[in-house]
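What follows is a single structure, written as structure tokens, with notes after it.
Chains as they are written, first to last, in full-length UniProt numbering: chain W, 1 to 467; chain A, 1 to 190.
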């Protein structure tokens, strides 16, 4: 029977199976960062346990790192957390891209960049955006710290077989519509828990036409639709992206490529559920609420309570708009912003920076707006500087920073003040996410750049940059 | 891990859907390197005013729920970030059972690993209501039942996770018993 990539990767990694029990799955790559690992390493030490496969583990510092001056970590607790990771990696012999290392970056940006991420692999990390790696046809999902400890000591996890879901993006994306708009539209249409209990495979013409970076943006936010993992069958583009990467041995490339492509979903394979969205119903998106499903196209208005039938949804809308200080029915284009953040594991790759730079070139950041660009990795930063993108941003009035998670979750000093509003290319608009009392609107890099110029949400398609 | 078996308690009613882990434990408290002491920060943004005083309007600050060991909430509880600090903070605060119509997958797993019983129950809204009326509920994992106000509801749980919770097992010790299978897999695959 024809199989999906999800079943193929799963079956390939079963170490042990028994009825009425989850499967014991082998983990090919364990990515580690400073926030969700210290208690796991401590657990190993308390029980005198070892790391089974340090060679299949890779660590970096991203959540707490300063993006302005790397030499000064103001918060002693942040500093301790980073030092603890360095000490743990040394003690257990795990490779680490520390804050000053040329491979440093957001864990989900550097995995693909280094070629650690490959089709057919099982990849985990104590981070819910691990789904990003699914863009390569890997089964990649976030885990908690207890599971981090379990993987460190056994290189396996007990996992119940997930249901499979296909999300099909049919047709061709319109002018000025990006991967970010696609995933925000999917979450808005199907809901924040549509994918709970499922692994999602994204299919359809629009997905096939996307670059690998765009596919990463889509898979990254699978968890925002409730799916622990979201992936895309590998194709020529996938293999081409990985060619000559540090962890892809050149002499084995052809052989690896053949194996990678063999994981693709077979014609006629059946999913437990299929959802479809048409590309022509998607326009540049802006979230107006406090979870990623609360978003609308730029030409729409904020909803009103009468748009919902369920009382719990009406109540949720009321709470969200009260936190966001918005009124029911107001046009999205009337919302004024004070901050712009271009960065995060969703949108901080070179293609994202190019898209934003294209909008900003020759223009100025609005006088009411503070804007920053935080590249996803040191490598992205170098590449952008080589192309002169840093100059475009700086000339426009953006702050050009060092790589890290930064204002996506504001664990370092990059915080949106209470009561202020940020157009952000990140993935979560939860209350307080970018700072206590801060208000987050999720958008694409191009839409963030447009908002930076005009000081309010503006349809980037009307800015004459795509001519 | 402490075994979970049976308990009777008042029910703290959190009448909201899609409660995310950023609300359960905000990011500024994720920098600690210990597993303990997170209860004081639970629902920080909702529990406290900007000046640090308790927000009297937030349900958990009501004296009636001070000793509640059961939390009842709306659908998709624990969505968002994978931070295990969320179940750590709920447990440290005193909750042993969470009842909701549905949970986010990672959060649910994280609860099991820490000996918190997360119960998927479609009728969770009735428990929220009972909690508001000051009623108690009895939860029994062995029989997979919740009793409250003359109603008995049955809940489903994976038999493997049930055994883990009932016995308070350390999962890593169990997995070590499969070491041969892991080594054999590594020989042929890795």
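All residues carry an ideal CB built from backbone N, CA and C; glycine is no exception.
Which residue from W:214, W:222 and W:248 puts its Cα closest to that of residue 201 of chain W?
-> W:222
For the segment 116-129 of chain A, which residues have a CB atom closer than 7 angstroms to at least one CB atom of chain W, in sequence order?
-> none
On the DSSP bridge assignment, give the partners of residue 373 of chain W in chain order.
-> W:342 and W:400
Chain A contacts from the segment 147-162 of chain W (Cβ-Cβ distance under 8 angstroms) | 147, 149, 150, 153, 154, 155, 156, 158 and 160
Where the alpha helix (DSSP H) containing residue 160 of chain A begins and where it ends = 159-167
Could you tell me how far apart the beta carbons of residue 187 of chain A and residue 36 of chain W are, in whole angstroms, since I believe they sit closer than 8 angstroms?
-> In fact, because the Cβ distance is near 31 angstroms, the residues do not count as touching under 8 angstroms.
Could you name each continuous alpha helix (DSSP H) segment of 4 residues or more that falls completely within the segment 31-80 of chain A, going from the start of the chain to the end?
-> 44-47
Where are the beta strand (DSSP E) runs, 3 residues long or more, that stay fully inside the segment 228-257 of chain W, in chain order?
-> 229-231
How would you label residue 310 of chain W, buried or exposed, when you count the other beta carbons within 10 angstroms and need 16 or more for buried?
-> exposed
Give a yes or no on whether 8 angstroms exceeds the smallest Cβ distance from residue 162 of chain A to chain W.
-> no
Where does the unbroken alpha helix (DSSP H) through residue 80 of chain W begin, and where does it stop?
-> 76-92
Bridge partners of residue 26 of chain W, per DSSP?
-> W:156
Do residue 151 of chain W and residue 30 of chain W have their C-beta atoms within less than 8 angstroms of each other?
-> yes
Rounded Cβ spacing between residue 106 of chain W and residue 403 of chain W (contact assumed at less than 8 angstroms) | 7 angstroms
Exposed or buried, which one is residue 1 of chain W when buried takes at least 16 other CB atoms within 10 Å?
-> exposed
Which residues of chain A have a Cβ atom closer than 9 angstroms to the Cβ of residue 77 of chain W, listed in chain order?
-> 31, 32 and 33
For a contact meaning CB atoms closer than 7 angstroms, what does residue 374 of chain W contact in chain A?
-> Here the premise fails: no neighbours, minimum Cβ distance about 16 angstroms.
What does residue 148 of chain A touch in chain W if you count any residue whose Cβ is under 9 angstroms from its own?
-> What residue 148 of chain A touches in chain W: nothing, since even the nearest Cβ is about 20 angstroms away.
Members of the segment 45-56 of chain A near chain W, C-beta cut-off 9 angstroms | 45, 46 and 50
One or two residues paired with residue 278 of chain W in a DSSP bridge = W:170
Relative to the C-alpha of residue 79 of chain A, which residue among W:325, W:292 and W:247 is closest?
-> W:292
Below 8 angstroms on the Cβ atoms is my guess for residue 122 of chain W versus residue 25 of chain W; work out the distance and round it to an integer in Å.
-> 6 angstroms
Name the one or two DSSP bridge partners that residue 11 of chain A has.
-> A:70
Kindly indicate the opening and closing residues of the alpha helix (DSSP H) around residue 173 of chain A.
-> 171-176
What's the call for residue 76 of chain W, buried or exposed, on a 16-neighbour Cβ count within 10 Å?
-> exposed
Count the other C-beta atoms from every protein chain shown that fall within 10 angstroms of the C-beta of residue 467 of chain W, then say buried if there are 16 or more, exposed otherwise.
-> Confidence is the limiting factor: at residue 467 of chain W the pLDDT is only 47, short of 50, which leaves the residue's position unreliable and the question unanswerable from this model.
Proximity test, Cβ basis, 8 angstroms: residue 15 of chain W and chain A = yes
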